[in-house]
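Working notes for the structure below.
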Amino acid sequence: MSDYLVIVESPAKAKTIGKYLGKKYVVKASMGHVIDLPKSQMGVDVEDNYSPKYITIRGKGPILKELKQAAKKAKKIYLAADPDREGEAIAWHLADSLNIDKDSKCRVVFNEITKQAIKDSFKHPREINLNLVDAQQARRVLDRLVGYNISPLLWKKVKKGLSAGRVQSVAVKMIIDRENEINAFEPEEYWSITAELEKDGRKFEAKFTHVNGEKTDLTSEEEVNQILEQMNGNDLKVEKVTRRERRRNPVVPFTTSSLQQEAARKLNFRAKKTMMLAQQLYEGIDIGKSGTTGLITYMRTDSTRISDTAKAETKAYIESHYGSDYLGQEREQKQSTNSQDAHEAVRPTSADLDPKAVKQYLSRDQYRLYKLIWERLVASQMAPAVMDTMAVDLDNNGVRFRANGSKMKFPGFMKVYIEGNDDGKEEKDRLLPDLEEGETTEAHEIVPNQHFTQPPPRYTEARLVRTLEELGIGRPSTYAPTLDTIQRRGYVALEDKRFIPTELGTIVLELIEEFFPEILDVEFTASMESNLDAVEEGKNSWVGIIDDFYQGFEKRLKTAEEEMKEVEIKDEPAGEDCEKCGNEMVYKMGRYGKFMACSNFPECRNTKAIVKEIGVDCPKCQKGQVVERKSKKRRIFYGCDQYPECDFISWDKPIARPCPKCESMLVEKKSKKGTHVTCSSCDYEEERN
1 MSDYLVIVES PAKAKTIGKY LGKKYVVKAS MGHVIDLPKS QMGVDVEDNY
51 SPKYITIRGK GPILKELKQA AKKAKKIYLA ADPDREGEAI AWHLADSLNI
101 DKDSKCRVVF NEITKQAIKD SFKHPREINL NLVDAQQARR VLDRLVGYNI
151 SPLLWKKVKK GLSAGRVQSV AVKMIIDREN EINAFEPEEY WSITAELEKD
201 GRKFEAKFTH VNGEKTDLTS EEEVNQILEQ MNGNDLKVEK VTRRERRRNP
251 VVPFTTSSLQ QEAARKLNFR AKKTMMLAQQ LYEGIDIGKS GTTGLITYMR
301 TDSTRISDTA KAETKAYIES HYGSDYLGQE REQKQSTNSQ DAHEAVRPTS
351 ADLDPKAVKQ YLSRDQYRLY KLIWERLVAS QMAPAVMDTM AVDLDNNGVR
401 FRANGSKMKF PGFMKVYIEG NDDGKEEKDR LLPDLEEGET TEAHEIVPNQ
451 HFTQPPPRYT EARLVRTLEE LGIGRPSTYA PTLDTIQRRG YVALEDKRFI
501 PTELGTIVLE LIEEFFPEIL DVEFTASMES NLDAVEEGKN SWVGIIDDFY
551 QGFEKRLKTA EEEMKEVEIK DEPAGEDCEK CGNEMVYKMG RYGKFMACSN
601 FPECRNTKAI VKEIGVDCPK CQKGQVVERK SKKRRIFYGC DQYPECDFIS
651 WDKPIARPCP KCESMLVEKK SKKGTHVTCS SCDYEEERN
């Protein structure tokens, strides 16, 4: 008989924990939930206080049987599922299935899978937290009441395979609302005037700001000409020089959503991929002599807090590697108003586990994500960056220009890490020459430029996650599956890494908006999240919250069943016939955008990618046209439309003119610094734009 049985969710986690606990402990994996609501039916008894009808998940019978046999041989059983609502529910179901006294101290939680954390957690087991269980149960029941009532209605009225849910419906609405904003957007004209100057061999620019002492926005060419006519030549007198020191504070450690956003910006990772890799880093990686080690703390969190131990260790690392000047002062961390602060931020389990030291044991993507998390933690405990800034006001007959410059005085945390942004631009030094008040400098050129306001951008994954979080919609664990679901259902598609709504998504949203407006009400959804969080704190009864919602929802459901009209979605003809059966090809929308499919489906399953010509002759065969294609991983590349006869391929976009130096193909290369044209064969390169 073994002394102790420990049950976790995954084999990787079991392996890591087993190594730390020793021979007296048998560690087994439940492979996630073993008990859940049935997939084939709603599984909620509305008449009996919304009680859930739980069953053993199909395929999990042998696992549960093995756990029961192991439980009979153990003197004590510990349930060590993840430290969140989901983990608490798994522990609760396991306790029920294995006849463990739920009032006993059988629950063990830890925020990181390290030897010390595991040892400490087993010294302080606790009872199963029924408030956490109720909070998880309430969400499951609410999602079932919504999804398993609206979805069959959509199947009947629109098409099979559709679904509706609290968070996913709001996310689709946000994407559609943004598209409507873009379509309704009317650009407005505005102008700028730039003076191009030089002193002591250093070129710099000054922008028009005021005329006759008043700040002025230029909206037409006529206004620009009036300003230029007022000026006397190109001499600009330095009226005022302002020198300041600007401090930039370090960023805080990652929450789940900020990790997803930054991984999208810097690593081009989808939210789903980020969470998968983070799970692997959390559960443990074999790092040589140290064996399997958890590299990061638990990755589902809305807190930016870190432990005193982690702070001390990180500060010691900073001092030894960068010097005491780089140590940051203690700053009060303000948590989001929606934050539960249940456990720490996402951070490395040890600052001493430098990414370079573990790189050989990680896959490329594991390493890149770990490096991002490690750098963020270290930077968060470093000193602010200090910039010397300089603002120069220049005047010509009442026409005022301003030049701004900045120079890094002390890099501080930016020596390790600079936070990304959605437009991909990085902050750079903009140096101005030494200018003194009263001196005059001549502009080489004064250039007016016409501009037009731009519509709001479509949502990227990062921007959508950030907005959902700001609105209080969903919680850390919901964002990745939500984004995945709305794409799998065909409600939205990704185009150039930005969400666009599909016709199907628009139709479904209109039906939900007509008959179930509360599902799409942002304030209602956010307040429901707050009410469900209050269940976790023991302040609300989950049954009462569900009942308040369902009373009105049930009435609208009956109305929808009677009044919702059937919708026929007609496929758009593609203008060509299927080469396999001769029937017409039509456009379909998949999770990655539009494609062509045979209208004789399912008898004929022929599909074709939509190729986009770029107006360039194939440089290899001289017969075909170069077209834009997408790889299996959705990466854009360029190839000949005569494939497989011609195997020309390029990851960079070819352009329709030869290299002036060697006559080879010119291509466009993109980077964070911009787009530039370069030769595919020689060293010819054109200036960036």
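Just so you know, we're using UniProt numbering here: the sequence shown kicks off at 1 and counts up by one. By construction, the Cβ of each residue, glycine as well, lies at the ideal position given by its N, Cα and C atoms.
- The C-alpha of L295 lies about 20 Å from the C-alpha of S477.
- Partner residues in the beta bridge of L5, as assigned by DSSP, are V26 and I77.
- For T389, the uninterrupted beta strand (DSSP E) segment begins and ends at A385 to N396.
- Contact between the segment 456-467 and the segment 251-271 is established, with three or more Cβ pairs separated by less than 8 Å.
- Using a 10 angstroms sphere on the CB of Q381, the tally of other CB atoms reaches 16 or more, which defines it as buried.
- The three-state secondary structure of S650, taken from DSSP, is strand.
- Contact check for L504 and Y491: beta-carbon distance about 6 Å, within the 8 Å limit, so the pair qualifies.
- In this structure, A195 keeps its C-beta atom at 9 Å or more from the C-beta atom of V392.
- R489 carries a coil assignment under DSSP once its states are collapsed to helix, strand and coil.
- Cβ neighbours of K580 within its own chain (closer than 8 Å, five residues either side excluded): C598, C604 and N606.
- In the three-state scheme derived from DSSP, where H, G and I count as helix and E and B as strand, T56 is classed as strand.
- Closest by C-alpha distance to H676, out of K653, T525 and C662, is K653.
- Following the DSSP letters along the chain, one finds F515 inside the alpha helix (DSSP H) bounded by residues E503 to F515.
- Under the three-pair Cβ rule at 8 Å, the segment 357-375 does not count as touching the segment 165-178.
- Listed in chain order, the beta strand (DSSP E) runs fully inside the segment 212-294 are 235-248, counting runs of at least 3 residues.
- Under DSSP, W191 takes part in a beta bridge, and its partners are L218 and Q450.
- Here N149 is buried, its C-beta having at least 16 other C-beta atoms within 10 Å.
- Straight-line measurement puts the Cα of T292 at about 12 Å from the Cα of V358.
- In the three-state reduction of the DSSP assignment, N149 falls in the helix class.
- Here the segment 540-547 does not lie against the segment 519-526, with fewer than 3 beta-carbon pairs under 8 Å apart.
- Residue nearest to F516 within the set A95, I500, Y550 and E537 is Y550 (criterion: CA-CA distance).
- Within its own chain, the residues whose Cβ lies closer than 6 Å to the Cβ of K75, once the five positions on either side in sequence are excluded, are D3, listed in chain order.
- The C-alpha of T506 is placed about 16 Å away from the C-alpha of E572.
- Between the C-alpha atoms of T440 and K407 there is a straight-line separation of about 23 Å.
- Less than 9 Å separates the beta-carbon of R400 from that of F208.
- If you draw a straight line from the Cα of L259 to the Cα of I373, it comes to about 8 Å.
- The criterion of a C-beta distance shorter than 9 Å is not satisfied by A80 and L132.
- A straight-line Cα-Cα distance of about 11 Å links L94 and T56.
- Counting along the chain, the unbroken beta strand (DSSP E) around E628 starts and ends at Q625 to K630.
- DSSP places M174 outside any beta strand (DSSP E); the residue lies instead in the alpha helix (DSSP H), whose first and last residues are R166 to A184.
- Contact between the segment 615-623 and the segment 647-666 is established, with three or more Cβ pairs separated by less than 8 Å.
- A contact between stretches requires three or more CB pairs, one per stretch, nearer than 8 Å, and the segment 241-251 meets this requirement with the segment 408-419.
- By a beta-carbon distance limit of 8 Å, G328 contacts A383. Their separation comes to about 5 Å.
- Of the candidates D647, M596 and P602, the residue whose Cα lies closest to the Cα of K620 is D647.
- For the 9 Å CB-CB criterion, I193 and L236 do not form a contact.
- A direct Cα-Cα distance of roughly 10 Å separates T485 from L162.
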